[in-house]
């Protein structure tokens, strides 16, 4: 019995050590992505915004695709809206799409139909996990990258999603474009404090902290740039500041999983209003 | 003497089998075969199963801990016991065959003792399996129903295979003493022929699929009949005693069948679990699974998981058996025969665990690669997303395993006369292992306070950040494997003195050495050509070939150890070169480098071991191993290894399952329950620790039970073994 107790105590110490190590490293909890409930009559701008959220969130496109930077795994999507229109005319292209929007849908539903030169056919058919209106939203966002948005809530893609899906889904979803999770109701300024942005960014002066000062960000950049900087901080990293830190911090705090769309809009609006004391 | 007479005469009545009983058995076997055929037909029959929608999903509740932890704990405990029950029979069988081939009773008894542990663990595994099914039905009924509708034919096969495993295991255990000696009775010959046929059947099936892939099953039945008739004719006409008259062979056949059943059971249940990660046959537009059960089973990650678990089960089983022996060692009086026996048993158990541990990272690479291949999203979630930090913890665990395993070998050298010559290597090996361990557990992004992050200029440390990437990790894990292999070699040759010249070695040894080297070279070419071509470094392949041929030539010139050093140096250079070069190439090229590194190290393991076995055959023995004279702390290392293995299994179970994030079946059946989130690693560690603790306590109780019933007999056996404990090698020593 004495030997057993000694061995038991030793094993407890070993287990406790692993437990300690496991609890000493960063703790990340991943919540399911928020479902976007879209209305068929939402504006093109709303679809683009929702598509952008999907691009960096539920769609997980940004895990591999970059915008404005050559991706190591997948192609740069800057200008894809324009490219989509011409790609279907290429000799190499053997798919079913007859216009740019369809090409983008095909890329999401059957990504191996056309693989950009220099890349592997490694993209999963992510379009399959999107609802019909979510698909329209992603296509809207992609078209907005250098092209014109030609789709809306009434558009559907029977070649890949069967007949009538888009309209039917739209009819069943009367709510406006909004996150399913309720907005916190807090102002942009409050949200910025709540999410700890001010730890790294100065809002009341031009001095830099870990990140660049944001006190005049609204005078220098537009809302789209600010939104992208939050959703994909490493897309454009200001010179002299570390890449990966903001993304890691926001990932760690669960920002991307938890923040409702309205709250994100409130933060963007508030930052856009910062003009450097002017 | 009486025992021997019985064996020679055969024992028709020993198993209580009357003529009527035999007829009943034959009828039962025929009926089961027909049923199996029906089930096989069902497995390849296309079905359509609707994917459950959010509205259809139903969940049950579990008091106090909730449904997720309840199912997690039971599934993990079932897996741990299952791993033991599937892993242990393989090395029991090898030990038994070693005993039979060398006519060594001590190996036979050791295998028998391992089987005793197995038999008591078997029922616990089945009990946890039953609880798991009940919990799945009660807590996740809709999801379970979806999977059951796809996999039902395989579940029916599973049940019958389970019977097969139970019967073969109990026949194997209880028939150990009964099935010995030889007999020329018709019944014995017939039984052995049937069992031999069953053992050969997978090979016949493979041959049939090569001959005719479309009608492999009917062809295999035809071949089986031909082989059966040939076996009977051989047994009947042979004038001398053949293997068909050998009852030990009959017993070994039961052992092989036990392994067949166990492995097939493991593979079937793996197919259900892997389908959840990499589903196939989904028609998204129609919202249904459309395909055959076989197609669902043969999903993307099935085979990598099968291989990974197969190897891990051996390592895990070996470590648990070694821990059992370590406990018995500590509980035995100092300098007793029992202590010597358990020291030897622990060494064998640990040796098996290390044999399993060394190739495990390679199997892990393959699994990781297939996960990436199936869906990049899964791969990135695993390595770059929420689970990226988990691999730091995994590095700590595997580092503990490697350091512990090496330390045990070094401590074991203290009981080997002559090993003093090699102790000078130990500080160097320790240094290399420690440095590699530290590099392996260096994360890419450091945990830092804001102040520290400001000073560093980001989350990546300017120097240590370099060690956080895969190029560095791949390099150090391969160096750790090489170092462990070196530890094993110096342990192995600890008490070996002057070697025989190669001219005096048998022709068979020399041919084996050449054949294995050629095969290793062939595998090396096959594995490396693609990645080396992509990197424009095909010349590396020729450099390796020159080194291998030179090592072989040196061996034949009685400079085998120099040849081994050459191989070590070559692999180390290849590993470090591609580790460094990986920083300068794109990811798609870099991924291929891991294959080059791994194959180079594997080649050293295979060719190096073969050279070692050949050159030390018949070497002078400096002194016999002093079994039982190992320090007591070495036994605690064995507990560390067993606990680390078990904990690691729990951790990787969390990773494999958690990888699906909020999906029951990835991208197909979504988790709509309140448990859909992926818990943080710290929480998972608490659950894993609790599971490991429960497993350890249950195993202790089970082994205590096994020990209780054999206490008197065991003492007697230990006394007998102590007188005949082997030296490091089973072959007889020659020289002065």
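Protein chains in written order, with our numbering: chain A, 33 to 310; chain B, 19 to 754.
The beta carbon of each residue, even a glycine, is placed where N, CA and C say it ideally should be.
- Between residue 372 of chain B and residue 506 of chain B the beta-carbon gap is near 7 Å, inside 8 Å, which marks them as a contact.
- Distance from residue 683 of chain B to residue 294 of chain B at the Cβ level is roughly 5 Å; contact confirmed, criterion being Cβ atoms closer than 8 Å.
- In its chain, beyond the 5 residues on either side, 210 and 261 have a beta carbon closer than 7 Å to the beta carbon of residue 267 of chain B.
- Between the beta-carbon of residue 364 of chain B and that of residue 656 of chain B there is about 6 Å, and that keeps the pair under the 8 Å contact cut.
- By the beta-carbon neighbour count (other beta carbons within 10 angstroms, threshold 16), residue 511 of chain B is buried.
- Taking a cut-off of 8 Å on C-beta distances, the segment 112-129 of chain A touches the segment 173-180 of chain A, as three or more cross pairs fall below it.
- DSSP, read as helix, strand or coil, puts residue 380 of chain B in helix.
- In terms of Cβ geometry, residue 159 of chain B and residue 84 of chain B do not form a close pair [threshold 8 Å].
- Taking C-beta atoms as the reference points, residue 96 of chain A and residue 523 of chain B fail to come closer than 8 Å.
- Less than 8 Å separates the beta-carbon of residue 306 of chain B from that of residue 68 of chain B.
- Annotation: the continuous beta strand (DSSP E) that includes residue 64 of chain B extends over 64-68.
- Contact between residue 414 of chain B and residue 53 of chain A holds: CB atoms are separated by about 5 Å, below the 8 Å threshold.
- Residue burial is scored here from C-beta neighbours: residue 152 of chain B has fewer than 16 other C-beta atoms within 10 angstroms and is therefore classed as exposed.
- Residue 137 of chain A and residue 162 of chain A do not touch by the CB rule: their CB atoms are close to 10 Å apart, not below 8 Å.
- The C-alpha of residue 529 of chain B is placed about 15 Å away from the C-alpha of residue 624 of chain B.
- Interface annotation for the segment 60-77 of chain A against chain B: 60, 61, 62, 63 and 64, criterion Cβ-Cβ distance under 7 Å.
- At the C-beta level, residue 531 of chain B and residue 632 of chain B come within 8 Å of one another.
- Within chain B, the C-beta atoms nearer than 7 Å to that of residue 47 of chain A come from 661, 665, 707, 710 and 711, in chain order.
- Interface criterion met: the Cβ of residue 714 of chain B is under 8 Å from a Cβ in chain A.
- Its Cα nearest to that of residue 456 of chain B, the residue B:416 stands out among B:196, B:425, B:416 and B:443.
- With respect to residue 376 of chain B, residue 214 of chain B sits apart: the two C-beta atoms are not nearer than 8 Å.
- Taking 8 Å as the upper bound on Cβ-Cβ separation, chain B lies near no residue of the segment 123-138 of chain A.
- As the crow flies, the alpha-carbon of residue 385 of chain B is around 11 Å from that of residue 378 of chain B.
- Sequence-ordered contacts of the segment 284-298 of chain B with chain A are nonexistent [C-beta pairs closer than 9 Å].
- Non-local beta-carbon contacts of residue 582 of chain B in its own chain, meaning distances under 6 Å to residues more than five positions away in sequence, involve 626 and 629 in chain order.
- In the structure shown, residue 404 of chain B falls within a coil segment according to DSSP collapsed to helix, strand and coil.
- By DSSP's assignment, residue 182 of chain B forms no beta bridge with any residue.
- Linking residue 426 of chain B to residue 353 of chain B through their CA atoms gives a straight-line distance of about 19 Å.
- Around residue 646 of chain B, the same chain offers 357, 358 and 361 as residues with beta carbons nearer than 6 Å, after the five sequence neighbours per side are excluded.
- Within chain B, the residues 394 and 398 have their CB atoms less than 8 Å from the CB of residue 96 of chain A, given in chain order.
- Nothing from the segment 156-180 of chain B brings a Cβ to less than 8 Å from some Cβ of chain A.
- By the beta-carbon neighbour count (other beta carbons within 10 angstroms, threshold 16), residue 260 of chain A is buried.
- Residues 440 and 443 of the same chain have their beta carbon placed closer than 7 Å to that of residue 508 of chain B, with the five preceding and five following residues left out of the count.
- For residue 122 of chain A, the closest C-alpha among the options A:102, A:147 and A:220 is that of A:147.
- Around the beta-carbon of residue 696 of chain B, 16 or more other beta-carbon atoms lie within 10 Å, marking it buried.
- Under the 8 Å criterion on CB atoms, residue 230 of chain A is classed as non-interfacial with respect to chain B.
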